[in-house]
Amino acid sequence: MGRYQNEGAFEAAVDALDNLLTKCPELKATAGKKVEELVKELSLEAKADHAKQAVVSHADTVDPIQKIKKGFQEFKAHFKKEQTLFKALAESQHPKWMIIACADSRVDPAVVLGLELGEAFIIRNIASLVPPHSKESGHSSAGSAIEYAVLHLKVEHIMIIGHSRCGGIKALLGMKEDGSNKFSEYIEDWIGIAKHASKSTMAKCAQDCAFEDQWACCVKEAVNVSLWNCMSYPFVKEGVQQGTLALHGAFFDFVNGAFERWAINYKLEEAEKF
Ligand SMILES: [Zn+2]
15 MGRYQNEGAF
25 EAAVDALDNL
35 LTKCPELKAT
45 AGKKVEELVK
55 ELSLEAKADH
65 AKQAVVSHAD
75 TVDPIQKIKK
85 GFQEFKAHFK
95 KEQTLFKALA
105 ESQHPKWMII
115 ACADSRVDPA
125 VVLGLELGEA
135 FIIRNIASLV
145 PPHSKESGHS
155 SAGSAIEYAV
165 LHLKVEHIMI
175 IGHSRCGGIK
185 ALLGMKEDGS
195 NKFSEYIEDW
205 IGIAKHASKS
215 TMAKCAQDCA
225 FEDQWACCVK
235 EAVNVSLWNC
245 MSYPFVKEGV
255 QQGTLALHGA
265 FFDFVNGAFE
275 RWAINYKLEE
285 AEKF
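If you use our numbering, the sequence shown corresponds to residues 15 to 288, in order.
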């Protein structure tokens with residue numbers, strides 16, 4: 015490979031391939047297929063690079079402090095205009111939704127679903143996970159938020175939203191069972207909550223399934239693990255049994271601008287596409 019890393023490497027590689035195919039023309043079909051795959055792969059890389067550059071150059075032109083100042087000025091104008099709403103919100107909140115979403119900056123559920131202040135009680139964490147009910151696990155953040163939402167705010171719906179290209183779920187898929195490729199102080203312990211999702215994805219997806227499809231499948235499986243974990247909290251189970259609380263899983267695909275929602279009622283229901 016060494017000689018191909020220098021200048022003129024591409025030309026040298028093409029010459030070498032040309033010579034080989036002159037000597038062994040029977041390899042032409044295989045070579046054609048491999049070159050076709052390479053072109054496909056490089057096109058995807060080029061597309062991703064261009065998209066990345068566009069995002070970075072846009073972000074570089076905006077001062078982050080100015081950006082939030084301008085944002086708040088706009089909010090203030092809205093606040094002054096909607097005094098009835100904000101006077102009511104100053105007294106209390108009555109959200110119908112609790113939403114559990116990923117911390118990823120591209121998937122803010124209020125923005126995506128058009129929710130106003132006061133309409134959804136939201137928690138966001140890596141990979142939108144809910145740990146099972148346990149006072150010993152040390153994961154009290156999600157449990158306390160669910161308890162408050164269900165028992166005090168009396169939300170009618172809990173929705174857990176996974177999303178396309180979730181970094182947390184990609185890390186989960188790459189985790190070795192013996193922990194030998196551990197790369198962080200906190201992340202693996204957290205995403206390990208959904209380790210069964212990784213196993214069920216392997217069982218569901220065919221070996222030749224594209225990684226992107228495996229990835230999306232694992233995100234949805236992780237949402238289902240979190241839904242069942244949600245049911246392990248006694249106050250959630252009771253609400254579902256009494257019909258005062260509904261649980262939903264969802265998948266937000268920001269690559270294609272699509273949203274799927276499904277319900278859980280002791281069994282998974284068919285997804286509804288938005
Ligand atoms: Zn994510």
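Glycine included, each C-beta is placed from N, C-alpha and C at the ideal position.
Query: Does the region 165 to 184 come close enough to the region 135 to 145 that 3 or more CB-CB pairs lie under 8 Å?; Result: yes
Query: Report all residues from its chain with a CB closer than 6 Å to the CB of residue 204; omit the five preceding and five following residues, and keep chain order.; Result: 140
Query: State yes or no: is the C-beta of residue 180 nearer than 7 Å to some heavy atom of ligand 1?; Result: yes
Query: Put residue 189 into one of helix, strand or coil per three-state DSSP.; Result: coil
Query: How is residue 286 classed by DSSP in three states: helix, strand or coil?; Result: strand
Query: At which residues does the alpha helix (DSSP H) containing residue 244 begin and terminate?; Result: 225 to 245
Query: Considering only residues of the same chain and omitting the five flanking positions on each side of residue 285, which have a CB-CB separation below 6 Å?; Result: 274, 276
Query: Return the bridge partner residues of residue 138 from the DSSP annotation.; Result: 115
Query: For residue 138, which residues from the same chain have a beta carbon less than 6 Å from its beta carbon, with the 5 sequence-adjacent residues on both sides left out?; Result: 115, 117
Query: Assuming contact is defined by CB atoms lying nearer than 8 Å, are residue 247 and residue 160 in contact in what I supplied?; Result: yes
Query: Does the distance between the C-beta of residue 118 and the nearest non-hydrogen atom of ligand 1 fall short of 7 Å?; Result: yes
Query: Starting from residue 100, trace the alpha helix (DSSP H) both ways and give me its first and last residue.; Result: 97 to 105
Query: Quick one: any contact between the region 231 to 249 and the region 203 to 221, if contact means 3 or more CB pairs under 8 Å?; Result: yes
Query: Are the CB atoms of residue 266 and residue 121 within a distance shorter than 8 Å?; Result: yes
Query: Any heavy atom of ligand 1 inside 7 Å of the beta-carbon of residue 141?; Result: yes
Query: Which whole-angstrom value is the C-beta distance of residue 135 and residue 167, which I expect to be below 8 Å?; Result: 6 Å
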